[in-house]
Every structure is written in C-alpha cells, then in structure tokens.
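Student: Protein chains in written order, with the working numbering: chain A, 1 to 145; chain B, 146 to 667.
1) Of the choices 249/B, 261/B, 236/B and 254/B, whose alpha-carbon is the least far from that of residue 114/A?
2) If we require 3 or more residues per run, which beta strand (DSSP E) segments fall completely within the segment 474–537 of chain B?
3) Output yes or no for whether 8 angstroms exceeds the beta carbon distance between residue 211/B and residue 46/A.
4) Is it right to say residue 371/B is buried, meaning 16 or more other beta carbons lie within 10 angstroms of its own, or is it exposed?
5) Taking the beta strand (DSSP E) that residue 380/B belongs to, which residues open and close that run?
6) Among the candidates 622/B, 618/B and 281/B, whose CA atom is the shortest distance from the CA of residue 638/B?
7) Within the 8 angstroms Cβ cut-off, does residue 127/A reach chain B?
8) Which word fits residue 58/A, buried or exposed, when buried means at least 16 other C-beta atoms lie within 10 angstroms of its C-beta?
9) Rank 422/B, 416/B, 225/B and 376/B by C-alpha distance to the C-alpha of residue 717/B and give the top, closest one.
10) Report the residue from 6/A, 111/A and 12/A whose alpha carbon sits nearest the alpha carbon of residue 133/A.
11) Determine the closest residue to residue 319/B out of 532/B, 540/B, 284/B and 182/B, with distance taken between C-alpha atoms.
12) Under 7 angstroms Cβ to Cβ from residue 246/B, same chain only, skipping five residues before and after it: list those, please.
13) Express the C-alpha separation of residue 395/B and residue 559/B in angstroms, rounding to a whole number.
14) Are the CB atoms of residue 585/B and residue 432/B within a distance shorter than 8 angstroms?
15) Extract the residue ranges of the alpha helix (DSSP H) inside the segment 7–91 of chain A, only unbroken runs of 4 or more that lie entirely within it.
16) Which residue's Cα is closest to the Cα of residue 173/B: 289/B, 182/B and 190/B?
17) Out of curiosity, what's the CA-to-CA distance linking residue 666/B and residue 447/B?
18) Report the CB separation of residue 376/B from residue 183/B in whole angstroms; it is logged as a contact under 8 angstroms.
19) With 8 angstroms as the limit, tell me which residues of the segment 235–248 of chain B have their beta carbon closer than that to any beta carbon of chain A; keep them in chain order.
20) Along the chain, where does the alpha helix (DSSP H) containing residue 269/B start, and where does it finish?
21) Can you tell me the Cα-Cα spacing of residue 337/B and residue 344/B, whole angstroms?
22) Would you kindly work out how many angstroms separate the C-alpha atoms of residue 340/B and residue 244/B, rounded to a whole number?
23) Put residue 143/A into one of helix, strand or coil per three-state DSSP.
24) Closer than 6 angstroms by C-beta to residue 249/B: which residues in its own chain qualify, once you throw out the five before and the five after it? Chain order, please.
25) Tell me which residues of the segment 247–264 of chain B have at least one Cβ-Cβ distance to chain A shorter than 7 angstroms, keeping chain order.
26) Given 7 angstroms as the limit, tell me if residue 510/B has its C-beta closer than that to any heavy atom belonging to the ligand ZN.
27) Reducing DSSP to helix, strand and coil, say where residue 389/B ends up.
28) Starting from residue 329/B, follow its DSSP beta bridges and name the residues at the other end.
29) What residues in the segment 115–126 of chain A have a beta carbon less than 7 angstroms from any beta carbon of chain B?
30) Grab the span of the beta strand (DSSP E) containing residue 120/A for me, first residue to last.
31) Would you tell me roughly how many angstroms separate the C-alpha atoms of residue 622/B and residue 353/B, rounded to the nearest one?
32) Who are the Cβ neighbours of residue 56/A in its own chain at under 8 angstroms, not counting the five residues just before and after it?
33) Tell me where the beta strand (DSSP E) around residue 620/B begins and ends.
34) In terms of residue numbering, what span does the beta strand (DSSP E) encompassing residue 443/B cover?
35) Going by Cα to Cα distance, which pick from 602/B, 597/B and 627/B is closest to residue 650/B?
36) DSSP state of residue 591/B, grouped into three classes?
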C-alpha cells in the first residue's frame, strides 16, 4: 500500500526544493533526496536506532519501485545512507529523478505518519528544518496544530 | 504531682538557637490518579527508582505518565530506550492515552535510542552516552527502558562486579545531576534478593498482572521507598484511555477527615417504617435491607432515594443487577420520577457490571459521584450483584472489602442503604450470606410468610445501632405507591419468622381477591 499521499508528496517536494536552494552554491553533487534523507537520519535514529531507520528507508524504497522502477538500482547501506543514486543521475532524465525522489521521500514520511501520526511527523520535520514554512501544505485539519 | 510537673515544664529554658532545618524532600507528582496517595504524596525528588514487573502490566505507560506529568522545557525528561520497545512504537501507542501531550515532545521530553550502543559496544559506552546527554540537557527526569536488557548485556559481557559498579556509577551520577530516575525492567520477584540493583535503588514500584479464572487483575505494590511512608500492600490498578489509575487499599482515606454527621434522622419514604425505626435512619448510618427476591428491596431503596430528593438531598444509586431503564421505569410506576433529578444533577444511577471490578475501583467511582453531586444518600443494589461484578480474586476478600467500603462511604458523610438477597429458609432468619451484619448499623429483614393460603410479606427491624426501635413484625404490601406497611403488629400468629406461622387468634374476615391473570380467570 502506497504511503505517498498527495500531502506527503507536497511535503517531500517542499523539502527537496528547500535543500536544493540551500545547496545551490555548494560544490556538493549529492542529490537533494539524499540530503533530505541524511538530515532525517540522525533524528529518526535517535528514536528508533540506526537499524530501525535503515528498515524504514528500505521499506520506503520498496514502496517506490512500482512508480520508479529505476530506483531498484538504489540500496540502503548499513549506516542508513542511500547508495547508487549518484550513478543513476547520468543515465536517467532529471525530471524522472526528481519525481522518483519525491515519491521515495513521500513514502518515507508517509510510513512515519502511519506509525506516529501526521502531527508528530510534521513536528519532527519542523525540528529538522525550522526555517521551512509548511503553511501551504494541506494536511487534515484535525491533525493540524 | 501534676502541678509539680507543669511547673517543671514551665521552667525549661527556651531554645536559644534554632535547630538546623532537616532536608525537605520535594515530592513529584506521578500523574497517576490515586498513586500519589499510595506513595505518601508522590515520588521523592532525586530518587533512583525501579519500575518492575512482568510484560503487559503497564510499566512503560506508568513511566510515560510520570514523564508527561513532570517534564518542562526548563527541566526536561530524557527517555532512553535500550533494546526494548523502540521509541517509535512507544510514540505510536502512547499517543492514544489522554495524558500524552505532543507539545511536550522535543523540548520537554526527548527520546534517545541506545540500542545501537548496547549492541555494538559495552556498558561503558552506554553510561558514557547517558552521561553525555544528561550533562548537556540537565534533565529533571531520566528513564531507562528497558534497563533489564542493559543488565542482560552486562551479564553476557561483564562480571557481576562490573555490573554493580555500573549501577553504582549510574545512580550516583544521576542523583548528583539532580535527576529523578526510573529504570524500567521485566523482573521476577525471586531476583530481588540477589540483584544489586534492588539494593542500590531508593524506590521499587512493582507491577503485576494476575489471571484469575477468566478475569485479569493488575496490581501495584510499593515494595521499597526511602525517605517517606507509603501505603503497604497490593493496590489494584486499571489501564484505560487516561492511562494508569491506582486504587489504594485504604481508598485514599487515610488521614482524611471524616465528615461528622448531624444527629438527625432521615425518613425512609415509608412513614410507618420510619416509626418502626424510631424516627428514621440516622444520618451517616449504613442500613442493610435483606430479603428474598421480590420482597421489595429495590422498591424500598428507590423510596429512600426519592424521599431524599424531595428533601433536597442528592442521591446515588449503584445498581448491579438491573439496567438503569428498568430501574427508572419501576420508579415511574410508583409515581417517583427519577429522570428529572438525573437531568438536574441531583441523582446519579450508576450501572456497574463489568466482571472484573475491584471493590476499590467501585469505591472510587462511588466517591467520585458523591463528590460530583454532593450526595447525601447512597443505595447499593445489591451486594450479591456487586459480588458477581467483582473479579474472582476479589470475591474471596469481599467481606473485608465491604467493611472498608462502607466505612469509607459513611465516613464521607453519606447515608448508605445496601440491599442483599437472602434465601428464605423455614428454620432460620438469616440476614445475609456474608456475615456482614456487624458492619452495618441497622438491619431490616423482609420475608415471605404463608397466611390463610396466601404468600404475604412481613418486615422487621432487626437492629438500629443509633437507638431503640420497634420489635414488631409488620405486614406490608407493594402497591402503586411502593412499599406500604399496612397492618399493625399481629398477635394472632406465632412463628412468623419461620415463614409458616401458626394461628393463635380467630380467623379474620377477608375480602375475596380476584386472580389478576386472564388465564386464571377462565
């Protein structure tokens, strides 16, 4: 069951756009999806351990495969980082990469929301990206704070 | 002699210097209703505690309640998880409880997973991380859940001495950093003697879950608490939407002021019965109405409550055998409207019938209701139904539980009427099967008697602790007005208490009664 709801996709796009902007001037060529995942990793690992984070990301990756088959070449390393995304950038169209990354992060955030609820998921996102405005995202009113 | 002593006392010099003040141990709230009373006011600040018990008895929920009740942004709580339930799952499940305040997460409450350290490194790495986090954050509360897994890891990789040294270091460090600590773990009671952890700990809260036939009962015991007294013994706990709730064995009434009752008599709502009772029931008394099924115990109880309502005295009816609807409908048939007083908040009818109740929970529910509406009269209908609603384990202690409960209720200034069903025998006049007559102030016995080919009803006041009462056995009927005492004392019969009296006087002329059933009429 896909966890990449339109809301989670919107959130995911926001995060990728933010990280792309923040890293525009830097020399790093790391894909924005990896940057987002890397920023989430320590926070989530504090909650669930690195093993738990790795399992969650691997599940998100598996959920993404039906929508972005090319992501089958990407793996989660033992430390919870993504492996293989850099290499694919040369072979896959940037739009496709962007779409795939949006779905991957949306699945990850969607899984998180399924476990701990939208409120706590958004709270965590706000903690990791305090400057990011999430006001435009249309999450269920009942879950909004 | 007394004068000399008094004079000697007067000559004592006044203290020139004031004594240095003793340390005052601040008590932290547990966030668990009823538990602060059991713990003598709360958890001693800076204490090093263990929350122990078998799986599923509420250890993690208890720790969360303590954390949520105390954590603030200035004095946060650190919740370390070690190879037990990961924080992610805790957050998932604990947010279902009403005490869970998500606004506290992050700044006031921080979850830190130490599983990786415990798995990949040694005890020193675990303690170093705890020290690092505590030093950085300076928390007021520290929880390690589950500490048992830390110990297991220690046993596998370190000596017993190292283990003891680890616990000692941890305890000293956390206390020095002014943290109140809770180590959560699955232990069995046999471990208490040999495990150094229990020696070092200041407090030991033991939770258990006992299956008795088809019921499960959770209990809590304060096995150890340095610095202050706690209520000894096993206390029932229940986990509901609000988290844990504890029910003290002493019903939280220890040290509470008993409400003095005025020396006035309350009407039962049956004028002739009031006369038999010497003017009515004394306020604050406990009255037992005993009789077989169908003799009108519930009707009398309803009249007692309705009479109170008429006089502006709010009432509570705890019913166990009948549903609320049936109760109010029967009252309607007597011309007693129970719906309006309920709407006005003057009457509460509590239908209590889960099959795993404890007396203490029931008591708490009743006391809450008493407080809510300022009740003056209370009916328990019936003790047999009440006993049936209890978990099997509590039935064995029913008599002493009733003693505590009735004492607690009358101590709160409430006049209590309890009904009890007794089987009529033809050789004796029992008051109840519980041998509880000693704990009630007053007893009314109702019974069937066979007279002139009819099964009639008689009542007698057996006991009135507050004064004299009529010794007459009086016949009564249940009419559209409820229980009505009709005949004056009859001296025409002997042996009424056996149910099969013998006539000693002339037979009285009687009106012919027509059978009410259509079939019988034919």
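We put the beta carbon where it would ideally sit given N, CA and C, even for glycine.
Remember, predicted model here, so these are calculated numbers, not experimental data.
Tutor: Quick look at the numbers:
1) Within the first chain, the letter at position 114 stands for residue 114/A. It is 236/B whose Cα lies nearest to the Cα of residue 114/A.
2) With a minimum length of 3 residues, the continuous beta strand (DSSP E) runs that stay inside the segment 474–537 of chain B are 492–496 and 522–526.
3) Indexing the second chain from 1 puts residue 211/B at position 66. Indexing the first chain from 1 puts residue 46/A at position 46. With a cutoff of 8 angstroms on beta-carbon distance, residue 211/B and residue 46/A are scored as not near each other.
4) As a position in the second chain, residue 371/B is number 226, starting the count at 1. Exposed: under 16 other Cβ atoms inside 10 Å.
5) By one-based count along the second chain, residue 380/B stands at place 235. Where residue 380/B is concerned, the enclosing beta strand (DSSP E) stretches over 380–385.
6) Residue mapping note: residue 638/B aligns to position 493 of the second chain, counting from 1. For residue 638/B, the nearest C-alpha among the options comes from 618/B.
7) Here residue 127/A refers to the residue found at position 127 of the first chain. It does: the Cβ of residue 127/A has a partner Cβ on chain B nearer than 8 angstroms.
8) On the first chain, residue 58/A is found 58 positions in, with the first residue counted as 1. Looking at its Cβ environment, which holds fewer than 16 other Cβ atoms inside 10 Å, residue 58/A is exposed.
9) Because residue 717/B is not part of the residues shown, which for chain B are 146 to 667, the question remains open.
10) Against the first chain, residue 133/A aligns to sequence position 133. Ranking 6/A, 111/A and 12/A by Cα distance to residue 133/A puts 12/A first.
11) Translated into positions along the second chain, residue 319/B becomes position 174. Comparing Cα positions, the closest option is 284/B.
12) The sequence position of residue 246/B within the second chain is 101, counting from 1. Excluding residues within five positions, the ones whose Cβ falls inside 7 angstroms are 213.
13) Here residue 559/B refers to the residue found at position 414 when the second chain is read from its first residue. Here residue 395/B refers to the residue found at position 250 when the second chain is read from its first residue. Cα-Cα distance, rounded: 18 angstroms.
14) The residue you call residue 432/B lines up with position 287 of the second chain. The residue you call residue 585/B lines up with position 440 of the second chain. A contact, by the Cβ cut-off of 8 angstroms.
15) 32–64 and 85–88
16) Your numbering for residue 173/B matches position 28 in the second chain. Answer by Cα proximity: 190/B.
17) As a first step, residue 666/B is located in the second chain; it is residue number 521 there, counting from the start. As a first step, residue 447/B is located in the second chain; it is residue number 302 there, counting from the start. Model confidence at residue 666/B stands at a pLDDT of 43, short of 50, so the residue's coordinates are unreliable; what they give is reported in the following sentence. The straight-line gap from Cα to Cα measures roughly 33 angstroms.
18) Position 231 of the second chain, counted from the start, is the residue given in the question as residue 376/B. Position 38 of the second chain, counted from the start, is the residue given in the question as residue 183/B. So it is a contact: roughly 5 angstroms between Cβ atoms.
19) 236, 237, 240, 247 and 248
20) Indexing the second chain from 1 puts residue 269/B at position 124. Counting along the chain, the unbroken alpha helix (DSSP H) around residue 269/B starts and ends at 268–282.
21) Locating residue 337/B in the second chain gives position 192, counting from the first residue. Locating residue 344/B in the second chain gives position 199, counting from the first residue. If I take the Cα positions, the gap works out to 8 angstroms.
22) Reading the second chain from its first residue, position 195 is the one you call residue 340/B. Reading the second chain from its first residue, position 99 is the one you call residue 244/B. Take the alpha-carbon of residue 340/B and the one of residue 244/B: they are about 33 angstroms apart.
23) The residue you call residue 143/A lines up with position 143 of the first chain. Note that residue 143/A has pLDDT 42, beneath the 50 cutoff, so the model's placement of it is unreliable and no number is given.
24) In the second chain, counting from the first residue as 1, residue 249/B sits at position 104. Taking C-beta separations shorter than 6 angstroms and ignoring five residues to either side along the sequence, the partners of residue 249/B in its chain run 216, following chain order.
25) 247, 250, 251, 256, 257, 258, 260 and 261
26) The model on display carries no ligand, and the ligand ZN is accordingly not part of it.
27) For the purposes of this step, residue 389/B is identified with residue 244 of the second chain, where counting begins at 1. The answer is strand: DSSP assigns residue 389/B an E or B state.
28) For the purposes of this step, residue 329/B is identified with residue 184 of the second chain, where counting begins at 1. Answer is 196/B and 290/B, bridged to residue 329/B.
29) 115, 116, 117, 119, 120 and 123
30) Along the first chain, read from residue 1 onward, the residue named residue 120/A stands at position 120. Taken as a continuous stretch (DSSP letters only), residue 120/A belongs to no beta strand (DSSP E), being part of the alpha helix (DSSP H) at 118–128.
31) Here residue 622/B refers to the residue found at position 477 of the second chain. Here residue 353/B refers to the residue found at position 208 of the second chain. About 51 angstroms.
32) Along the first chain, read from residue 1 onward, the residue named residue 56/A stands at position 56. Only 44, 48, 108, 111 and 112 meet the Cβ criterion.
33) The residue labelled residue 620/B in the question sits at position 475 within the second chain. Here the beta strand (DSSP E) through residue 620/B covers 618–624.
34) As a working note, residue 443/B is residue 298 in the second chain. Element bounds for residue 443/B: not the beta strand (DSSP E) but the alpha helix (DSSP H), 442–455.
35) In the second chain, residue 650/B corresponds to position 505, counting from 1. The shortest Cα separation from residue 650/B among 602/B, 597/B and 627/B belongs to 597/B.
36) Within the second chain, residue 591/B is the residue found at index 446, counting from 1. Three-state DSSP puts residue 591/B in a strand.
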